[in-house]
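Report on the following structure.
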Ligand SMILES: Cc1cc2nc3c(=O)[nH]c(=O)nc-3n(C[C@H](O)[C@H](O)[C@H](O)COP(=O)(O)O)c2cc1C
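Residue numbers (this note's numbering): 42 to 390.
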């Protein structure tokens with residue numbers, strides 16, 4: 042087991058969660074400008090889509106994004122193996138299996154969170170993926186589904202993942218209710234049980250275990266990291282993108298306080314994103330596909346509202362070019378820095 046652990050990135054790890062429609066390649070490129078060390082996850086890509094669909098569109102990404110993990114959805118060992126083999130040409134640093142997504146679409150393919158009910162089958166999937174993968178194979182799961190008792194089912198589920206050779210396990214610390222709750226509600230309503238995840242880590246000291254769910258900032262991340270090997274942030278990282286600028290200092294030991302006012306070269310970021318967007322527009326892409334991920338950059342700064350407005354309206358106009366990014370940055374009092382905490386700002390409307 043020690044050997045398996047050594048294959049994975051050295052703890053502590055800060056990851057940005059896989060999020061469909063959000064963590065696409067443009068989003069990951071932006072996030073990478075803010076943190077060199079954060080582990081970035083793709084959106085979930087279904088194995089069938091890789092095998093039968095537009096794989097170049099689904100898998101291609103910028104070399105700048107590394108380290109980047111590809112999340113796969115599927116429940117068929119042969120198809121998942123094929124998808125892993127195909128993805129190998131694209132150079133992802135990790136392959137992750139989705140055992141946590143509760144949407145109807147995912148359930149109808151009998152994968153995602155409903156796989157929590159069949160640990161033996163998931164172990165077979167991991168074994169099959171490991172057999173053909175040249176990079177670590179990891180699992181992202183829930184603590185249980187529906188009427189399962191997490192404290193009873195999770196230890197066995199994890200033991201099987203570990204037995205199958207999973208290199209790391211990321212646990213979204215809440216159950217999924219497969220009937221009656223929407224995916225959005227399933228990220229909010231079932232209560233979080235962090236203590237159970239900490240207990241799982243104590244029982245498996247040699248296996249990388251990371252925690253996910255409801256982590257709002259680097260202070261909370263620091264508290265989790267005294268119990269587990271990694272923290273994975275989804276919504277907080279996406280909506281308050283500037284938070285990522287503190288991650289490298291945080292991981293280097295500056296602590297959350299030392300990392301909350303990072304020294305960011307915002308104008309260099311502006312120029313990089315303008316160049317990136319110009320290239321995309323030249324290739325026939327839309328500016329908005331890049332800028333929609335940037336609206337959360339300046340939470341708490343004076344001018345943030347105008348920044349968001351410019352990006353959401355002007356950037357969406359047909360023919361919009363990278364000069365819109367320059368105009369949006371010009372609206373922000375960058376030198377003034379963040380004046381209010383994002384939460385306070387939200388309350389202030
Ligand atoms: C818009 C959106 C899309 C998501 N898509 C995925 C996905 O593709 N795969 C996955 O494992 N989880 C997905 N999730 C769940 C997140 O990865 C994460 O587990 C969840 O949001 C809880 O973490 P958070 O409280 O830090 O946001 C998604 C979440 C959101 C908000």
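The beta carbon of each residue, even a glycine, is placed where N, CA and C say it ideally should be.
(message) Only counting the same chain, and skipping five residues up and downstream in sequence, which positions put a Cβ closer than 8 Å to that of residue 47?
(response) At residue 47 the pLDDT is 49, less than 50, meaning the model places this residue with poor confidence; the figure from the coordinates comes in the next sentence. Closer than 8 Å at Cβ, skipping near neighbours: no residue.
(request) Compare the Cα-Cα distances from residue 56 to each of 262, 243 and 297 and report the closest residue. (result) 262
(request) Within the stretch 154 to 209, note down every full alpha helix (DSSP H) run reaching 4 residues or more, in order along the chain. (result) 160 to 173 and 191 to 204
(message) Could you check whether the Cβ of residue 112 sits closer than 8 Å to any heavy atom belonging to ligand 1?
(response) yes
(message) ligand 1 and residue 58: does any heavy atom of the ligand fall closer than 8 Å to the residue's C-beta?
(response) yes
(message) Closest to residue 85 by C-alpha separation, out of 63, 77 and 320, would be which residue?
(response) 63
(message) Given a cut-off of 9 Å on the beta-carbon distance, is the pair residue 210 and residue 250 in contact?
(response) yes
(request) Along the beta strand (DSSP E) that carries residue 282, what are the first and last residues, could you check? (result) That residue, residue 282, is in no beta strand (DSSP E); it is neither H nor E in DSSP.
(request) Examine ligand 1 and report whether any of its heavy atoms sits within less than 8 Å of the Cβ of residue 250. (result) no
(request) Assign residue 54 to one of two classes, buried (16 or more other C-beta atoms within 10 Å of its C-beta) or exposed (fewer than that). (result) buried
(message) Which of the three DSSP states is assigned to residue 229 in this structure?
(response) coil
(message) ligand 1 and residue 213: does the residue's C-beta get closer than 8 Å to at least one heavy atom of that ligand?
(response) yes
(message) Can you give me the C-alpha to C-alpha distance between residue 158 and residue 186, rounded to a whole angstrom?
(response) 7 Å
(message) Quick check: the Cα distance between residue 353 and residue 371, rounded to an integer number of angstroms?
(response) 15 Å
(request) Have a look at residue 294 and residue 161 and give me their C-alpha separation to the nearest angstrom. (result) 39 Å
(request) Using 8 Å as the cut-off, classify the Cβ of residue 242 as near or not near the heavy atoms of ligand 1, replying yes or no. (result) no
(request) Taking residue 286 as the reference, give the member of 379, 91 and 143 with the closest Cα. (result) 379
(message) Considering only heavy atoms of ligand 1, does any lie closer than 8 Å to the CB of residue 363?
(response) no
(message) The alpha helix (DSSP H) that contains residue 241, what's its start and end?
(response) 235 to 244
(message) Suppose you measure from the CA of residue 195 to the CA of residue 116; what does that come to, to the nearest Å?
(response) 19 Å
(request) Just tell me which of 225, 184, 289 and 282 has its CA closest to the CA of residue 240. (result) 184
(request) Would you grab the beta carbon distance between residue 277 and residue 257 for me? Rounded to a whole angstrom, and I think it's under 8 Å. (result) 5 Å
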